[in-house]
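In the numbering used here, the protein residues as written are 565 to 837.
Each residue gets a CB set at the ideal place from its N, CA and C atoms; glycine is no exception.
Accompanying notes for the structure given below.
Right under this line is the structure:
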């Protein structure tokens with residue numbers, strides 16, 4: 565396989581790993597990077613599944629002890645049962661609304677004005693959320709109720725709109741609903757596992773005709789680099805939130821939204837999925 569193509573796969577994997585769990589929307593960054601690298605053909609749709617898998621595996625590794633303990637204690641421990649139930653409850657709205665509206669959203673909302681608007685609007689929402697007086701009601705993930713989880717599940721569905729950011733909607737939404745910064749961020753990570761796995765399986769089924777054994781090295785490189793970047797990013801973000809706000813990400817989103825408009829109006833990037 566062409567070495568240049570493998571380098572492009574590595575770059576795309578790094579972009580996915582660095583942006584999937586930050587409140588800045590991985591989708592927008594992958595589209596722009598793919599256009600810059602001329603890595604945006606039909607095969608890229610299947611490749612996205614591989615790099616998302618790498619990001620999922622990174623979260624699983626970071627939280628493996630918690631995940632393993634939950635699985636082991638699930639039959640008898642109420643706290644483990646409550647935690648697992650909350651993740652499933654939060655995952656459910658994305659399944660229903662994603663299946664119901666996912667196709668229509670891709671057909672009608674995947675345009676430069678929509679992506680740019682959601683980037684910029686999301687940035688201003690983060691600025692507003694960070695300047696509010698936070699009344700923390702839920703300090704730890706284990707303190708969440710099923711209703712907290714359900715609300716966050718619906719908030720996550722905002723990420724169906726391109727440019728919104730799944731992690732951004734759940735983290736900032738969680739904070740607005742009374743979760744601590746740490747609890748909102750950690751639950752966003754846990755919720756990413758079933759959400760990204762579900763989306764990946766569904767996409768794999770839809771795009772199965774594009775699969776080819778010849779692309780395995782390409783997918784493997786993307787997966788490995790996505791895994792490494794996501795692992796570093798998740799660990800860094802957990803340290804970062806202990807003493808910093810999300811304000812820098814807000815300004816970044818606003819700037820990136822302007823870039824989206826410029827690249828679209830100059831014809832440099834085709835923002836239609």
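Which residue comes first and which comes last in the alpha helix (DSSP H) that contains residue i?
{"i": "residue 708", "result": "Per DSSP, residue 708 belongs to no alpha helix (DSSP H) and is neither H nor E."}
{"i": "residue 650", "result": "642 to 672"}
{"i": "residue 747", "result": "745 to 770"}
{"i": "residue 579", "result": "567 to 583"}
{"i": "residue 682", "result": "676 to 695"}
Between residue i and the rest of its own chain, which residues show a CB-CB distance below 7 Å, the 5 nearest in sequence each way excluded?
{"i": "residue 625", "result": "795"}
{"i": "residue 572", "result": "601 and 603"}
{"i": "residue 652", "result": "none"}
{"i": "residue 737", "result": "716 and 719"}
{"i": "residue 590", "result": "580, 583 and 584"}
{"i": "residue 631", "result": "624"}
{"i": "residue 645", "result": "638"}
{"i": "residue 658", "result": "717, 720, 721 and 759"}
Which value, in whole angstroms, describes the spacing of the CA atoms of residue i and residue j?
{"i": "residue 594", "j": "residue 712", "result": "31 Å"}
{"i": "residue 506", "j": "residue 574", "result": "Residue 506 falls outside the range modelled here, since the chain spans only 565 to 837, and no answer is possible."}
{"i": "residue 636", "j": "residue 601", "result": "45 Å"}
{"i": "residue 825", "j": "residue 680", "result": "6 Å"}
{"i": "residue 640", "j": "residue 721", "result": "32 Å"}
{"i": "residue 779", "j": "residue 606", "result": "13 Å"}
{"i": "residue 697", "j": "residue 809", "result": "13 Å"}
{"i": "residue 813", "j": "residue 833", "result": "23 Å"}
{"i": "residue 769", "j": "residue 664", "result": "17 Å"}
{"i": "residue 732", "j": "residue 610", "result": "24 Å"}
{"i": "residue 586", "j": "residue 823", "result": "18 Å"}
{"i": "residue 729", "j": "residue 566", "result": "33 Å"}
{"i": "residue 656", "j": "residue 695", "result": "31 Å"}
{"i": "residue 570", "j": "residue 788", "result": "12 Å"}
{"i": "residue 633", "j": "residue 793", "result": "26 Å"}
{"i": "residue 667", "j": "residue 761", "result": "18 Å"}
Closest to residue i by C-alpha separation, out of the options, would be which residue?
{"i": "residue 674", "options": "600, 723, 580 and 703", "result": "723"}
{"i": "residue 756", "options": "767, 771 and 734", "result": "734"}
{"i": "residue 763", "options": "662, 618, 576 and 587", "result": "662"}
{"i": "residue 531", "options": "614, 601, 648 and 588", "result": "The structure shown has nothing for residue 531, since the chain only spans 565 to 837."}
{"i": "residue 618", "options": "644, 584 and 743", "result": "584"}
{"i": "residue 790", "options": "689, 676, 743 and 616", "result": "616"}
{"i": "residue 568", "options": "833, 817 and 786", "result": "786"}
{"i": "residue 811", "options": "650, 690 and 706", "result": "690"}
{"i": "residue 800", "options": "750, 702 and 831", "result": "750"}
{"i": "residue 840", "options": "659, 654 and 592", "result": "The structure shown does not extend to residue 840, since the chain is modelled only from 565 through 837, so no value can be given for it."}
{"i": "residue 647", "options": "710, 805, 807 and 815", "result": "710"}
{"i": "residue 683", "options": "830, 818 and 829", "result": "818"}
{"i": "residue 743", "options": "702, 774, 797 and 667", "result": "702"}
{"i": "residue 821", "options": "685, 638 and 804", "result": "685"}
{"i": "residue 707", "options": "643, 658 and 803", "result": "643"}
{"i": "residue 670", "options": "620, 726 and 645", "result": "726"}
{"i": "residue 830", "options": "676, 621, 806 and 667", "result": "676"}
What does a CB cutoff of less than 6 Å around residue i pick up in its chain, not counting 5 residues either side in sequence?
{"i": "residue 753", "result": "623"}
{"i": "residue 783", "result": "614"}
{"i": "residue 767", "result": "613"}
{"i": "residue 592", "result": "679 and 727"}
Going by DSSP in three states, residue i sits in which element: helix, strand or coil?
{"i": "residue 633", "result": "helix"}
{"i": "residue 776", "result": "coil"}
{"i": "residue 606", "result": "coil"}
{"i": "residue 781", "result": "helix"}
{"i": "residue 601", "result": "helix"}
{"i": "residue 611", "result": "helix"}
{"i": "residue 833", "result": "coil"}
{"i": "residue 592", "result": "helix"}
{"i": "residue 587", "result": "coil"}
{"i": "residue 627", "result": "coil"}
{"i": "residue 790", "result": "helix"}
{"i": "residue 823", "result": "helix"}
{"i": "residue 701", "result": "coil"}
{"i": "residue 728", "result": "coil"}
{"i": "residue 842", "result": "With the chain covering only 565 through 837, there is no way to say anything about residue 842."}
{"i": "residue 805", "result": "coil"}
Please list, in chain order, all residues of the same chain as residue i whose beta carbon is under 8 Å from its beta carbon, the five residues on each side excluded.
{"i": "residue 598", "result": "576, 604 and 608"}
{"i": "residue 739", "result": "693, 698, 745 and 748"}
{"i": "residue 798", "result": "585, 622, 623, 626 and 753"}
Beta-carbon of residue i versus every beta-carbon of chain C: anything under 8 Å?
{"i": "residue 570", "result": "Included in the structure is just one protein chain, with no chain C present."}
For the ligand NAD, is there any heavy atom lying closer than 7 Å to the beta carbon of residue i?
{"i": "residue 696", "result": "Among the components modelled here there is no ligand, and therefore nothing to report on the ligand NAD."}
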